[in-house]
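Participant: Following this note's numbering, the numbering of the sequence shown begins with 83 at its first residue and continues without gaps.
Got a structure for you, questions after.
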Amino acid sequence: MARNGKIVLNYTMRRFWVHLVTATFIGLIYYVYMYYSEKGVLPNTSSNYSYAVISVLTANFIGLVISFSDRKLDRLLPWGKYMAGRLLLGLITNSLISLTIIIGIGWLFLTSLDTKEELSTLYGKHTETILKLGIITFLAVLVYNIIYFALFSYRQYAVVQIGHVKTQRKQLQLQFEALKSQLSPHYLFNCLNTISSLIFKDTHLAEDFIRRLAETYQYILSNNHKQSVTLEEEVEFVKSYNYLLKVRFEDNLRIDINLPPNVMRSRIPPLTLQMLVENAVKHNVITRDQPLDIYIHAIDNTDIRITNTKTATPADISSFHVGLENIKKRYKHFTPKAIRIDDNSKFSVQLPVIREIARSA
């Protein structure tokens with residue numbers, strides 16, 4: 083909390099000094115311009131010091147009032163929703179504020195010098211000066227509002243870009259976690275054990291197993307940087323992965339995939355189906371007496387349901403929640419539709435079909 087307070091204080095002080103320097107500069111420019119346009123020569127600071135001070139103080143006062151007014155206008159007409167209206171209203175309001183203050187202070191100053199003249203007479207004598215003030219004030223306010231709008235647009239752009247970078251970073255972190263789980267030493271150890279046993283039983287099968295294992299790792303490594311792949315690519319990977327599982331579990335494990343072509347062209351975060359299949363295998367005993375069936379099919383072309391039967395739970399098995407949370411978080415980047423999980427007589431996960439996705443995916 084103290085750190086946040088310090089940040090806010092530093093930001094407020096920066097704004098104060100920027101306002102002070104800018105308003106002072108504008109006040110001096112006003113003074114020099116008006117003096118030169120009236121006299122035809124640049125002002126002498128030693129003899130006209132009081133006029134310069136009045137101009138600078140007036141500019142700072144106008145700046146404070148406009149700053150307060152802009153905050154009110156930002157709440158009344160936000161730039162993001164009413165861009166043209168906010169620009170026009172700001173231009174009119176700031177012009178009126180500036181002219182009212184300038185003319186008011188000018189009148190007070192003039193009446194203090196010559197109290198015998200009427201207000202109409204004073205304005206009549208200085209009509210040209212007032213007209214010049216009005217034109218230069220309007221131009222200054224116009225430039226100010228354009229700069230204010232440009233700064234707002236830049237801030238909005240920066241917010242969007244920062245949000246995009248944060249989202250990408252979060253996605254990469256989730257993908258890295260998914261990749262890490264697939265490259266686990268435990269998984270590789272099981273595969274190597276299977277290969278060592280196959281070498282003595284069936285060398286051709288061992289060779290095919292190694293080739294399929296290489297394909298699965300090639301898929302994992304080539305897609306670890308992608309936010310999404312086509313469902314068709316993911317299904318082909320699951321088929322290769324299923325081959326490795328079939329060598330271990332033979333006909334005791336059955337995976338049935340039934341997805342229409344239009345759904346196969348949709349997108350999916352890489353390793354999603356594989357993680358669900360692997361966890362179904364990990365959380366169920368698979369034997370001849372307790373076979374495991376996994377079904378992957380579409381529901382009304384809007385969802386993909388992965389369902390597995392349930393057998394006995396192996397001893398000392400870790401929770402499945404980490405993998406599911408990873409999938410949920412990755413899906414949130416692509417669709418507002420939530421993932422559905424049912425854990426009854428069968429375990430099923432229902433994934434929304436992702437039709438369109440950003441090009442960066």
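Virtual Cβ for every residue (Gly too), placed ideally from N, Cα, C.
No experiment lies behind these values; they were computed from the predicted model shown.
Name the DSSP bridge partner or partners of Phe416?
Facilitator: Translated into the one-based positions of the sequence shown, residue 416 becomes position 334. Answer by DSSP bridge pairing: none, since Phe416 is not bridged.
Participant: Quick one: Cα of Tyr117 to Cα of Ile179, how far?
Facilitator: By one-based count along the sequence shown, residue 117 stands at place 35. By one-based count along the sequence shown, residue 179 stands at place 97. For Tyr117 and Ile179, the distance between alpha carbons rounds to 23 Å.
Participant: For the ligand SAH, any of its heavy atoms closer than 7 Å to the Cβ of Arg422?
Facilitator: Judged by which ligands are present, the structure shown has none, so any question about the ligand SAH falls away.
Participant: Looking only at DSSP bridge pairs, what is Thr389 linked to?
Facilitator: Counting from one through the sequence shown, the residue named residue 389 turns up at place 307. Partner(s): Tyr377, Ser430.
Participant: Consult DSSP for Asp371 and reduce its assignment to one of helix, strand or coil.
Facilitator: As a first step, residue 371 must be located in the sequence shown, where it is residue number 289. Looking at Asp371 - three-state DSSP - the assignment turns out to be coil, as it is neither helix nor strand.
Participant: Take Ile337 and list the residues in its own chain whose beta-carbon comes closer than 6 Å to its own, dropping the five residues that flank it on each side.
Facilitator: Here residue 337 is taken as the residue at index 255 of the sequence shown, counted from 1. Once the five neighbours on either side are set aside, the close Cβ partners of Ile337 are Asn324, Ile376.
Participant: Tell me which residue opens and which closes the beta strand (DSSP E) that Ile339 is part of.
Facilitator: As a first step, residue 339 is located in the sequence shown; it is residue number 257 there, counting from the start. Per DSSP, Ile339 belongs to the beta strand (DSSP E) from 335-340.
Participant: Among Ile388, Arg349, His365, which one has its Cα closest to the Cα of Ile436?
Facilitator: Translated into positions along the sequence shown, residue 436 becomes position 354. Among Ile388, Arg349, His365, the Cα nearest to that of Ile436 is on Arg349.
Participant: Could you tell me which of Pro351, Asp371, Arg153, Leu326 sits nearest to Lys308, measuring between CA atoms?
Facilitator: As a first step, residue 308 must be located in the sequence shown, where it is residue number 226. Ranking Pro351, Asp371, Arg153, Leu326 by Cα distance to Lys308 puts Pro351 first.
Participant: With 16 other CB atoms within 10 Å as the buried threshold, where does Glu372 fall?
Facilitator: Reading the sequence shown from its first residue, position 290 is the one you call residue 372. Per the sequence shown, residue 372 should be read as Gln rather than Glu. It counts as exposed.
Participant: Apply the 10 Å Cβ neighbour rule to Gln300 and answer buried if 16 or more other Cβ atoms are within range, or exposed otherwise.
Facilitator: Along the sequence shown, one-based indexing puts residue 300 at 218. It counts as exposed.
Participant: Whose CA, out of Ser177, Ile339, Arg237, lies closest to the CA of Thr219?
Facilitator: For the purposes of this step, residue 219 is identified with residue 137 of the sequence shown, where counting begins at 1. Closest by alpha carbon: Ser177.
Participant: Going by beta-carbon coordinates alone, are Thr391 and Lys428 separated by less than 8 Å?
Facilitator: Here residue 391 is taken as the residue at index 309 of the sequence shown, counted from 1. Here residue 428 is taken as the residue at index 346 of the sequence shown, counted from 1. Yes, the pair counts as a contact, with Cβ atoms nearer than the cut-off.
Participant: Kindly indicate the opening and closing residues of the alpha helix (DSSP H) around Ile136.
Facilitator: What you label residue 136 is simply residue 54 of the sequence shown in a count that begins at 1. Residues 131-158.
Participant: Rounded to a whole number of angstroms, what is the C-alpha to C-alpha distance between Glu289 and Asp333?
Facilitator: Locating residue 289 in the sequence shown gives position 207, where the first residue counts as 1. Locating residue 333 in the sequence shown gives position 251, where the first residue counts as 1. Answer to the nearest angstrom: the Cα atoms are 20 Å apart.
Participant: In chain order, which alpha helix (DSSP H) runs of at least 4 residues are fully inside the region 228-257?
Facilitator: As far as the region 228-257 is concerned, it has no whole alpha helix (DSSP H) run of at least 4 residues.
Participant: Just to confirm the assignment, what range does the beta strand (DSSP E) spanning Ile436 have?
Facilitator: What you label residue 436 is simply residue 354 of the sequence shown in a count that begins at 1. Per DSSP, Ile436 belongs to no beta strand (DSSP E) and is neither H nor E.
Participant: Excluding sequence positions up to five away, which residues of its chain have a Cβ less than 6 Å from the Cβ of Gly109?
Facilitator: Walking along the sequence shown from the start, residue 109 turns up at place 27. Excluding residues within five positions, the ones whose Cβ falls inside 6 Å are Ser137, Val138, Ala141.
Participant: Based on the DSSP output, what are the partners of Arg422 in its beta bridges?
Facilitator: Looking up residue 422 in the sequence shown gives position 340. Bridge partners of Arg422: Gln432.
Participant: In three-state DSSP terms, what is Thr312?
Facilitator: Within the sequence shown, numbered from 1, the residue matching residue 312 stands at position 230. Three-state DSSP puts Thr312 in a strand.
Participant: Taking the straight line between their C-alpha atoms, what separation do you get for Ile388 and Leu341?
Facilitator: Walking along the sequence shown from the start, residue 388 turns up at place 306. Walking along the sequence shown from the start, residue 341 turns up at place 259. Cα to Cα, the separation comes out at about 11 Å.
Participant: Only counting the same chain, and skipping five residues up and downstream in sequence, which positions put a Cβ closer than 7 Å to that of Val431?
Facilitator: Looking up residue 431 in the sequence shown gives position 349. Around Val431: Leu358, Ile388, Ile421, Ile423.
Participant: Please classify Leu327 as buried or exposed, where buried requires at least 16 neighbouring CB atoms within 10 angstroms.
Facilitator: As a first step, residue 327 is located in the sequence shown; it is residue number 245 there, counting from the start. Buried is the call here.
Participant: Where Ala134 and Gln243 are concerned, what is the direct C-alpha to C-alpha distance, given to the nearest angstrom?
Facilitator: Taking the sequence shown and counting its residues from 1, one reaches residue 134 at position 52. Taking the sequence shown and counting its residues from 1, one reaches residue 243 at position 161. Using only the alpha carbons, I get a separation of about 44 Å.
Participant: Report the rounded CA-to-CA distance for Lys163 versus Ile381, giving the unit in angstroms.
Facilitator: Walking along the sequence shown from the start, residue 163 turns up at place 81. Walking along the sequence shown from the start, residue 381 turns up at place 299. Whole-angstrom Cα-Cα distance: 39 Å.
Participant: Are there 16 or more other CB atoms within 10 angstroms of the CB of Asn383, so buried, or fewer, so exposed?
Facilitator: Working through the sequence shown from its first residue, we reach residue 383 at position 301. Label assigned to Asn383: exposed.
Participant: I'd like the list of long-range same chain contacts for Lys410, defined as Cβ closer than 7 Å, with 5 residues on each side in sequence excluded.
Facilitator: Position 328 of the sequence shown, counting from 1, holds the residue named residue 410. The answer, listed in chain order, is Ile421.
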